[in-house]
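Student:
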Ligand SMILES: Cc1ncc(COP(=O)(O)O)c(C=O)c1O
Ligand SMILES: [Zn+2]
């Protein structure tokens with residue numbers, strides 16, 4: 002394992018590899034896992050490609066903070082397709098648009114990347130119970146991976162999480178605590194319970210291993226583009242852990258010379274849940290360049306989140322600082338879309354690509370559409386739109402824009418008459 006320790010994203014303080022806490026003991030900031038990139042480079046050079054026994058995200062083992070892939074759940078995590086979608090791109094004149102379809106993961110969302118790594122880490126360190134709070138997807142993903150890895154799992158979700166996500170949690174056998182409150186209430190309660198019980202807390206961002214699982218999507222994107230970075234990746238964002246993972250993955254590849262340029266990373270949020278976008282834009286208005294920022298002084302003001310895109314509905318982003326840094330350091334944009342634009346985008350993505358996504362991902366397309374229409378991206382850029390979750394996760398919202406079936410009697414004449 003080439004992990005060397007941890008560094009605080011906020012104050013920069015370092016911790017050794019043996020550190021057992023979750024966050025920075027000095028300032029409470031989230032931690033970023035550090036690696037020996039020279040050693041990784043040598044390892045990668047000598048084994049000419051990532052052709053080990055596992056061909057899912059665990060094939061990138063030299064970049065992961067675990068001893069081996071043996072403790073990882075046996076399910077196939079990652080190895081998701083990167084589809085060129087010229088017809089969707091052409092609706093706004095983009096010539097090289099791709100969708101990374103993360104809905105094809107075992108529990109139908111991107112979160113499986115983090116959960117699988119968390120379960121591997123948990124098993125390598127002898128954890129008895131894994132626990133986490135979730136807007137729905139992270140929990141159902143952890144429940145899925147825990148079932149596969151045979152570890153007890155407890156999940157805190159807001160009571161109002163979509164039915165499909167609650168059903169997934171329950172069917173995988175997790176102990177489900179439906180909290181009468183918001184995701185943020187569930188998050189805080191989960192942290193207190195974990196401390197009391199000594200359970201391994203998977204909470205997004207707070208647990209530094211989540212980002213490390215999520216970064217593997219960047220490895221795949223670049224490998225699928227023949228070891229080149231795209232020009233831009235647009236990421237649906239709530240807590241900011243996915244976007245910070247995508248940026249981390251790109252920086253990892255750059256550090257060992259597997260790609261020779263870094264992409265811009267754009268943050269897509271719902272208008273009603275825009276804490277990270279607000280912080281990025283405030284930072285830009287201050288005129289500071291990322292290298293001149295004292296990150297400890299940057300504040301991410303919580304909002305009172307209100308959007309139908311439940312997975313990105315977040316008051317107080319739990320990996321906000323890392324997300325703001327990802328956008329600022331990569332030179333990306335931070336944009337928002339209204340609920341109406343998000344709903345329209347679900348339909349447009351499905352009809353122009355055949356990929357059915359949940360509202361959060363539709364937000365990414367809606368935001369990219371707006372950026373392109375405003376002339377803020379070059380139409381020839383190679384752009385990856387990260388589609389983080391299946392549309393089957395939330396059919397209620399899809400039905401609002403899908404239209405209605407034509408109801409007929411079981412009769413040929415009636416069918417032909419209706420078809421016209
Ligand atoms: C499908 C989907 N997309 C995007 C996100 C946003 O990720 P993050 O909260 O790390 O910003 C989530 C988080 O739950 C999600 O489930
Ligand atoms: Zn710190």
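In the working numbering, the protein residues as written are 2 to 421. Where a beta carbon is used, it is the ideal one built from N, C-alpha and C, also for glycine.
Quick check: the Cα distance between residue 186 and residue 410, rounded to an integer number of angstroms?
Tutor: 50 Å
Student: Where does residue 370 sit, in a helix, a strand or coil, going by DSSP?
Tutor: helix
Student: Please go through the same chain and pick out, in chain order, the residues whose beta-carbon is closer than 6 Å to the beta-carbon of residue 146, but skip the five residues on each side of it.
Tutor: 74, 116, 117, 120
Student: Which residues bound the beta strand (DSSP E) around residue 233?
Tutor: 233 to 237
Student: What residues match up with residue 101 in a beta bridge as DSSP calls it?
Tutor: 83, 387
Student: Quick one: measure Cβ to Cβ for residue 160 and residue 181, integer angstroms, because I've assumed they're closer than 8 Å.
Tutor: Between residue 181 and residue 160 the Cβ distance is about 5 Å, and since that is below 8 Å, they are a contact.
Student: In terms of residue numbering, what span does the alpha helix (DSSP H) encompassing residue 328 cover?
Tutor: 321 to 331
Student: Taking residue 363 and residue 384 to be in contact with their CB atoms under 8 Å, please state how far apart those CB atoms are, rounded to whole angstroms.
Tutor: Not a contact, Cβ separation roughly 16 Å.
Student: Among 286, 310, 307, whose alpha-carbon lies nearest the alpha-carbon of residue 299?
Tutor: 286
Student: Per DSSP, what kind of secondary structure is residue 422 in: helix, strand or coil?
Tutor: Summary: the structure shown does not reach residue 422, with the chain confined to residues 2 through 421, and so no result is reported for it.
Student: Could you name the residues of the same chain whose beta carbon sits closer than 6 Å to that of residue 2, not counting the 5 residues immediately before and after it, in chain order?
Tutor: 68
Student: Would you say residue 6 touches ligand 2, meaning its beta carbon is less than 7 Å from a heavy atom?
Tutor: no
Student: Less than 8 Å between the CB atoms is what I'm expecting for residue 269 and residue 236, so what's the real figure, rounded?
Tutor: 6 Å
Student: Report yes if the CB atom of residue 76 is closer than 8 Å to the CB atom of residue 70, and no otherwise.
Tutor: No, they are not a contact pair.
Student: DSSP beta-bridge partners for residue 8?
Tutor: 15, 33
Student: Near residue 245, which residues of its chain fall below 7 Å by C-beta distance, leaving aside the five closest residues on each side in sequence?
Tutor: 212, 320, 323, 324, 327
Student: DSSP beta-bridge partners for residue 270?
Tutor: 337
Student: Assuming residue 137 and residue 158 form a contact by the criterion Cβ under 8 Å, report the distance between their Cβ atoms to the nearest whole angstrom.
Tutor: 6 Å
Student: Pick helix, strand or coil for residue 130, following the three-state DSSP scheme.
Tutor: coil
Student: Does the Cβ of residue 491 lie closer than 7 Å to at least one heavy atom of ligand 2?
Tutor: Since the first residue shown for the chain is 2 and the last is 421, residue 491 is missing from the structure and cannot be characterised.
Student: Give me the Cα-Cα distance between residue 204 and residue 192, rounded to the nearest whole angstrom.
Tutor: 8 Å
Student: With a threshold of 7 Å, establish whether the CB of residue 14 neighbours any heavy atom of ligand 2.
Tutor: yes
Student: Hey, is residue 240 close to ligand 1, as in C-beta under 7 Å from one of its heavy atoms?
Tutor: yes
Student: What does the alpha-carbon distance come out to for the pair residue 1 and residue 361?
Tutor: The chain is shown from 2 up to 421; residue 1 falls before or after that span and cannot be answered.
Student: Hey, quick one: how far does the alpha helix (DSSP H) through residue 220 stretch, first residue to last?
Tutor: It spans 217 to 225 - the alpha helix (DSSP H) in which residue 220 sits, taken as one unbroken run.
Student: Which stretch, first to last residue, makes up the beta strand (DSSP E) that contains residue 156?
Tutor: 154 to 159
Student: Between residue 57 and ligand 2, is there a pair consisting of the residue's CB and a ligand heavy atom that are separated by less than 7 Å?
Tutor: no
Student: Are three or more beta carbon pairs between the region 5 to 13 and the region 22 to 39 nearer than 8 Å?
Tutor: Counting C-beta pairs closer than 8 Å gives three or more between the region 5 to 13 and the region 22 to 39, which meets the contact rule.
Student: Closer than 7 Å to a non-hydrogen atom of ligand 1 - does that hold for the CB of residue 359?
Tutor: yes
Student: Would you tell me roughly how many angstroms separate the C-alpha atoms of residue 113 and residue 359, rounded to the nearest one?
Tutor: 16 Å
Student: Do the CB positions of residue 98 and residue 90 come within less than 8 Å of each other?
Tutor: If you check the CB distance, residue 98 and residue 90 come in under 8 Å.
Student: Consider the C-beta atom of residue 30 and the heavy atoms of ligand 2; say whether any pair is separated by less than 7 Å.
Tutor: Result yes, Cβ under 7 Å from ligand 2.
Student: Quick one: grab the DSSP three-state call for residue 188.
Tutor: helix
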